[in-house]
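According to the working numbering, the residues represented by the sequence shown are 109 to 229, in order. To start, the structure itself, in structure tokens.
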Amino acid sequence: MANDFNDDQMMDEKIVGGVADFPDFDDSKNRGIFQNEKLDFLKDLQLNVYIELGRTQMQIKDILELERGYVIELDKLASEPVDIFVNNKKIAEGEVVVIDKHFGIRITNLIDPNDRLKGIN
């Protein structure tokens with residue numbers, strides 16, 4: 109099968125082209141709606157919430173000797189805020205309060221909402 113064009117003819121042809129012009133695309137409105145729909149779908153899920161008063165390290169022999177009434181010293185001062193975690197991700201800080209005979213946490217500082225959602229995929 110023979111080509112209709114030879115190499116010299118192809119080199120002589122000029123290719124005319126240009127840059128395509130598209131209108132700007134702003135999906136910020138759609139993105140917000142989609143994110144809200146995603147969150148609405150997840151709002152009924154239950155997640156584990158825990159409060160961390162502080163941490164410490166202990167030797168196994170000391171852990172085995174624990175008895176009722178033993179006091180474990182933590183690395184935080186009583187005046188420092190406690191950390192609030194949801195599914196192992198820190199979302200806020202707060203202070204311990206007593207409500208009737210129960211403990212509670214008053215939220216004093218929230219992590220930025222976008223950062224809170226990053227680890228909950």
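Glycine included, each C-beta is placed from N, C-alpha and C at the ideal position.
- I168 - containing alpha helix (DSSP H), residue span: 168-172
Count the C-beta pairs between the stretch 148-165 and the stretch 181-192 that are closer than 8 Å, then say yes if the count reaches three, no if not.
yes
*asked:* Only counting the same chain, and skipping five residues up and downstream in sequence, which positions put a Cβ closer than 8 Å to that of G140?
replied: Note on G140: pLDDT 49, under 50, position unreliable in the model; no value is reported.
Q | Spatial neighbours of I215 in its chain, beta-carbon cut-off 8 Å, leaving aside the 5 residues before and after | A | I192, A200, E201, G202
* Check each candidate in P189, V157, M166, D152 and name the one with the smallest Cα separation from I180. => M166
Where V205 and P189 are concerned, what is the direct C-alpha to C-alpha distance, given to the nearest angstrom?
11 Å
For the candidate residues Q154, Y158, K151, whose alpha-carbon lies nearest to that of G212? Y158
Quick check: the Cα distance between K197 and D223, rounded to an integer number of angstroms? 10 Å
Just checking my contact of V194 with L155 at CB under 8 Å: how many whole Å lie between their CB atoms? 5 Å
Next on the checklist: Just checking: is the beta-carbon of V179 within a distance shorter than 9 Å of some beta-carbon in chain B?
Outcome noted: Here there is only one protein chain, and chain B is not present.
*asked:* Quick check on DSSP: helix, strand or coil for T216?
replied: strand
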